[in-house]
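Heads up: the sequence shown begins at 421 in this note's numbering, then just goes up one per residue. Yeah, the Cβ is synthetic: ideal placement off N, Cα and C, and Gly gets one too.
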Amino acid sequence: MKVLMLRGNPRKNGVTERLADLFARGLRESGAELFDVDLASKNIGLCRGCFACSAGEKGRCVIDDDMADILDLLDEADAVVCASPIYFYAMGAQLKIFWERCFPFIRGYYYDAELGGMRNRTNFSKDGKKFVTIGAASGRIKSSFEAVTHTYQSIATALGFEYAADIRRAESPHFTSLDAKSLRVRKILDAFEIAGREFGATGKISEAVIKTAELELAESDEVFAQNAGVFWELNKNRNVAGFGFDDAKTDVRILLREMCRLLIPKEAPEKADIEFYFPDKEWRFAMRINSGKCELGELSAPSECDLRITCTAPLWADILGMRANVMEKLASGELLLEGRRRLFSSMKKYFRLPDGVR
Ligand SMILES: Cc1cc2nc3c(=O)[nH]c(=O)nc-3n(C[C@H](O)[C@H](O)[C@H](O)COP(=O)(O)O)c2cc1C
């Protein structure tokens with residue numbers, strides 16, 4: 421199978437690139453012939469809307485740029501894979517410009533009785549191309565992809581493509597911050613490679629693989645909004661431009677919410693109130709475990725609790741990441757435990773650590 425992969429990400433080393441690389445690796449492993457095109461590095465001008473390309477059977481665009489070669493690849497391809505970040509609820513501009521420049525393939529409309537609607541008449545040398553879209557968005561899956569999925573679907577229907585799969589990777593900053601050491605992120609990354617392999621071998625991608633690739637990282641919109649708030653705050657406080665992905669890896673506000681999420685109810689105590697105090701930040705949190713659930717709240721003053729843990733925020737991040745020696749830190753007084761110290765020593769048992777949070 422000849423596959424044309426179109427990459428629409430302007431940012432290098434971002435989430436789109438990482439996911440597209442994995443999908444491409446899977447494609448190659450399957451034996452597919454891959455034409456991997458980075459649209460952002462090409463010279464592709466805007467469609468001028470002149471309709472010159474609709475002259476004759478095989479029209480040619482009047483613009484002399486890199487698009488001519490890519491149109492030839494598209495014409496010959498059995499499948500098209502688009503990978504793009506989501507920018508303003510749509511595909512990125514590079515990819516949109518690409519589709520506009522595909523106008524030489526359009527030869528008007530016809531009524532498709534089976535579809536009960538209109539399709540474009542096309543002049544592809546090879547019809548019935550399979551179509552896969554991969555998107556990376558920082559927002560939640562539903563709101564971020566609603567419009568773009570609809571657009572891709574319309575393109576596929578109009579051009580007679582078989583829309584094999586739409587893989588939507590939402591929550592991209594959270595996704596990056598947890599890094600490949602998180603089990604969930606590892607599973608997600610693997611799913612992109614498997615998806616490429618399956619698609620190259622069968623022209624399809626199984627529901628289960630798509631589901632894994634799209635796994636939600638925050639368990640609710642509320643938790644997502646809290647974590648997103650941290651990213652934006654970190655970014656605002658940076659003096660160097662760039663999103664605060666790396667800082668977020670060690671931000672205790674995100675890590676504590678991750679801890680809550682990773683509670684193992686059958687191992688955890690029925691009830692326990694744990695307070696965290698980070699004097700370097702003046703942050704105080706209450707972690708409440710109750711009947712198999714764990715909730716995190718902010719405190720403005722010390723509260724009644726079963727255990728209070730006091731240390732600096734970076735030290736807690738190091739403890740969770742197993743980069744600090746707990747006994748040494750207790751002995752030096754950098755880590756202070758007040759209340760039921762046994763709660764602390766058995767914590768490792770009732771939170772799925774360290775795989776989930778590191
Ligand atoms: C101009 C711009 C517009 C964006 N619009 C959206 C959006 O509408 N919805 C969303 O969820 N994320 C949006 N994002 C976030 C990106 O989709 C997200 O950061 C993604 O990971 C970018 O891909 P990359 O990591 O390959 O650069 C936007 C980012 C930029 C720079």
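Exposed or buried, what is residue i when buried is set at 16 or more other beta-carbons lying within 10 Å of its beta-carbon?
{"i": "G776", "result": "The predicted position of G776 is uncertain, since its pLDDT is 40 and thus under 50; a value taken from the coordinates is nonetheless stated next. By the neighbour-count rule (16 or more Cβ atoms within 10 Å), G776 is buried."}
{"i": "N433", "result": "exposed"}
{"i": "A440", "result": "buried"}
{"i": "R743", "result": "exposed"}
{"i": "E613", "result": "buried"}
{"i": "N429", "result": "buried"}
{"i": "R438", "result": "buried"}
{"i": "W652", "result": "exposed"}
{"i": "R704", "result": "buried"}
{"i": "E453", "result": "exposed"}
{"i": "C470", "result": "exposed"}
{"i": "S592", "result": "buried"}
{"i": "S564", "result": "buried"}
{"i": "I684", "result": "exposed"}
{"i": "P524", "result": "buried"}
{"i": "G555", "result": "buried"}
Contact defined as beta carbons within less than 8 Å: I believe residue i pairs with residue j. What is the distance between those atoms, to the nearest angstrom?
{"i": "I694", "j": "I739", "result": "Wrong, their Cβ atoms sit about 14 Å apart, outside the cutoff."}
{"i": "A633", "j": "A611", "result": "4 Å"}
{"i": "E636", "j": "V629", "result": "About 16 Å; that fails the 8 Å criterion."}
{"i": "T436", "j": "A513", "result": "Incorrect: roughly 13 Å between the Cβ atoms, too far for contact."}
{"i": "V643", "j": "R673", "result": "11 Å between Cβ atoms; not a contact."}
Quick check on DSSP: helix, strand or coil for residue i?
{"i": "P505", "result": "strand"}
{"i": "D485", "result": "coil"}
{"i": "G759", "result": "strand"}
{"i": "I729", "result": "strand"}
{"i": "I526", "result": "strand"}
{"i": "I684", "result": "coil"}
{"i": "T406", "result": "The displayed coordinates of the chain run from 421 to 778. Any statement about residue 406 would go beyond what the structure contains."}
{"i": "T838", "result": "Residue 838 falls outside the range modelled here, since the chain spans only 421 to 778, and no answer is possible."}
{"i": "F644", "result": "helix"}
{"i": "R431", "result": "coil"}
{"i": "A576", "result": "helix"}
{"i": "G537", "result": "strand"}
{"i": "R448", "result": "helix"}
{"i": "R772", "result": "coil"}
{"i": "D492", "result": "helix"}
{"i": "D532", "result": "strand"}
{"i": "D610", "result": "helix"}
{"i": "V777", "result": "Below a pLDDT of 50, predicted positions are generally treated as unreliable, and V777, at 43, falls in that range; no measurement from the model is reported."}
{"i": "D458", "result": "strand"}
{"i": "D657", "result": "Checking the sequence, you will find Asn at residue 657 rather than Asp. N657 falls in the coil class under three-state DSSP."}
{"i": "S766", "result": "coil"}
{"i": "E520", "result": "helix"}
{"i": "R471", "result": "The residue asked about is misnamed: residue 471 is Phe in this sequence, not Arg. DSSP places F471 in coil when its eight states are reduced to three."}
Does any C-beta atom of chain B lie closer than 7 Å to the C-beta of residue i?
{"i": "Y583", "result": "Structure shown: chain B not included; a single protein chain is present."}
Going by the DSSP bridge assignment, what does residue i pair with across the sheet?
{"i": "C714", "result": "I709"}
{"i": "T553", "result": "C502 and D586"}
{"i": "E453", "result": "K422"}
{"i": "A692", "result": "I709"}
{"i": "M511", "result": "I506"}
{"i": "R480", "result": "None; R480 has no bridge partner."}
{"i": "F698", "result": "W703"}
Inter-stretch contact at 8 Å, needing at least 3 Cβ pairs: the segment 440–456 / the segment 510–524:
no
Flag this pair as touching only if the segment 624–638 and the segment 453–469 have three or more C-beta atom pairs under 8 Å; answer yes or no.
no
Report yes or no: do three or more beta-carbon pairs, one from the segment 528–541 and one from the segment 567–574, lie closer than 8 Å?
no
The segment 466–482 / the segment 530–538 touching (three or more Cβ pairs under 8 Å):
no
Is the segment 752–770 touching the segment 582–589 in the sense that three or more CB pairs, one from each, lie closer than 8 Å?
no
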